[in-house]
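Everything on this sheet refers to the single structure shown next.
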Ligand code: G16
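Residue numbers (the UniProt record's numbering): 13 to 557.
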């Protein structure tokens, strides 16, 4: 039976959370994201929807995370987490967009009412919502709005406090699977470190680290999480030097550092070359602001020389992981298939490399798209080039791995490694800490340095540009974002330009997290790349004018 919405309470609470005038919010690539100081109303309303989502899922725990991940500090955002620890079910996104844009309490209640009716939400079911946040100065004020929204709905709440985004995803999944055959781990932050560190210790047993890994923590929550992780993994197993760990200085977050900076600019974090101990041969990695992305890189020569820098991005991580898992699966003699999911940003060389080894799918940008595509494989490796990704093992695949009897000592070893990898990998969402441990395990198992990893294929020279336009929503794409359908005529112009370059490719798409249009270009001839990328950017600017 369905009781009504607490309309009077919503009307009362709404007074504090009117929508700022003249702004249209969208639940996009990674939830709602914009300047942090105008997000209170969105956070309040997302809390209402999250409570409804929990009710819809029979009272299971769902989550809300306050973060703007890779964006600069003044931005903030809110993402909803579903009961299996994955992104919010996409059919609910339009309701989120409508709710956060409602101009009155009446309009807001009408949206919620519609949602309750269409999605058949039983309002008598109690709701359970966990919330967490990153290190941004606007977080406390936004979390307050979340708390008030949840109180309005009478939801039971758990305050997870400062967390990385993937930790919150872990907590949701772990809570909801407690005591079931799919139990994911102890539903606490300590349970998270415990699970990862135990699996890591098994995988690197007898293979002590030869060198130190330098980690750029983007001056974000990853710095705190890495410190905690280090309490669980002794130095005899993992040697880490954490840099850019300043979570107190205003404006430092993601500024001249972090995975997005390093990937986009294809260079070291600003000033790192002057840091003591950073020298040729060094292996490094960068997290982003909420530690759900990671890119690796290394130095082939002196850090001051630009050419010394070699990037090992999400594509390189995907290739390393797909190859390794493929080998293990074959050696273990388990009848399962490894597949890989990429987006249009994947470097052409990586796609070529992977396609010779495993089936590959291309989806639009956004972890939610990649995640669902990866679920279709027994073992689905998914990574965006920007370093956002993870690996999914289907229930059947996990069962086969656990039930197969090894036919030789080598098969037994491969099976044991697969079992530990299932625990090491955060299967709910991309996770910088878990992905870092995964890369370290693979390199250690193969006894490879970064150069050996890098030698799999040579990236085509590539460039990513941002173009600021008046209305990014006038750009509409199809074919996994590889073609523009709007504005009319622009794609033909881009194709015409691309055809003038050797082995070239370019595409244009509106960002879902920043107010800009992104231009990606790659070219077979390095010297031609800038002219192609700038040419496409100019076409975009002309069409948008
Ligand atoms: C988010 C999404 C990613 C996406 C990135 C950039 O990352 O989770 O899937 O690749 O934004 O998206 P866009 O190009 O649409 O702005 P994060 O790390 O900021 O959450």
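Note that beta-carbon positions come from the ideal geometry of N, C-alpha and C, so glycine has one too.
In terms of side-chain proximity, the C-beta atom of residue 381 is found no nearer than 6 Å to any non-hydrogen atom of the ligand G16. With a contact defined as Cβ atoms closer than 8 Å, residue 326 and residue 307 qualify at about 7 Å. In the displayed model, residue 134 falls within coil according to three-state DSSP, outside both helix and strand. Distance from the CA of residue 414 to the CA of residue 422, rounded to the nearest whole angstrom, comes to 16 Å.
Per DSSP, the unbroken beta strand (DSSP E) holding residue 296 starts and ends at 295-299. Here the residues close to the ligand G16, judged by CB distance below 6 Å to any of its heavy atoms, are 41, 42, 81, 82, 300, 304, 305, 377, 378, 379, 396, 398, 400, 523, 524, 525, 526, 530 in chain order. Its chain contains 123 as the residues whose beta carbon lies nearer than 6 Å to that of residue 110, once the 5 sequence neighbours on both sides are disregarded; these appear in chain order. Three or more pairs of CB atoms, one per stretch, sit closer than 8 Å, so the segment 232-242 contacts the segment 437-454. Your pair residue 93 and residue 77 checks out as a contact, with CB atoms roughly 7 Å apart and the cut at 8 Å. Residues 407 of the same chain have their beta carbon placed closer than 8 Å to that of residue 194, with the five preceding and five following residues left out of the count.
Judged by DSSP secondary structure, residue 400 falls outside any alpha helix (DSSP H); it is assigned neither H nor E. Restricting attention to alpha helix (DSSP H) runs no shorter than 4 residues, the segment 228-307 encloses them at 233-244, 270-277, ordered along the chain.
The C-beta of residue 166 has fewer than 16 other C-beta atoms within 10 Å across all chains shown, which makes the residue exposed.
Cα atoms of residue 190 and residue 282: separation of roughly 44 Å, rounded to the nearest angstrom.
Closest in C-alpha terms to residue 507, from the list 519, 498, 499, comes 519. The three-state secondary structure of residue 490, taken from DSSP, is strand.
DSSP places residue 538 within a helical segment (H, G or I) once states are collapsed to three.
Apart from the 5 residues on each side of it in sequence, residue 100 sits with its Cβ closer than 6 Å to the Cβ of 92, 94 in its chain, given in chain order.
When the Cα atoms are used, residue 490 and residue 360 turn out to be separated by approximately 19 Å. In the DSSP assignment, residue 176 is bridged to no other residue. Ranked by Cα distance from residue 366, the first of 333, 450, 341, 525 is 333.
When DSSP states are grouped into helix, strand and coil, residue 321 belongs to the strand group. Taken through DSSP and simplified to helix, strand or coil, residue 77 comes out as strand. Put simply, of 352, 549, 37, 32 the residue whose alpha carbon is nearest the alpha carbon of residue 533 is 549. Excluding five sequence positions before and after residue 247, none of the CB atoms of its chain fall closer than 7 Å to its own CB. For the set 17, 38, 52, the Cα lying nearest the Cα of residue 29 is the one of 52. Beta-bridge partners assigned by DSSP to residue 533: 475, 518.
Each residue's CA atom was taken as its position, placing residue 226 and residue 128 some 49 Å apart. Excluding sequence positions up to five before and after residue 418, its CB lies within less than 6 Å of the CB of 424, 427, all in the same chain and listed in chain order. At a cut-off of 3 residues, the continuous stretches assigned as beta strand (DSSP E) that sit fully inside the segment 21-88 are 44-47, 73-78. When the Cα atoms are used, residue 535 and residue 147 turn out to be separated by approximately 38 Å. Collapsing the DSSP output to three states places residue 351 in a strand. Residue 21 counts as exposed, since fewer than 16 other beta carbons sit within 10 angstroms of its beta carbon. When only Cα atoms are considered, residue 468 and residue 19 end up about 60 Å apart. Judged by DSSP secondary structure, residue 373 falls within the beta strand (DSSP E) whose first and last residues are 372-375. Linking residue 203 to residue 171 through their CA atoms gives a straight-line distance of about 16 Å.
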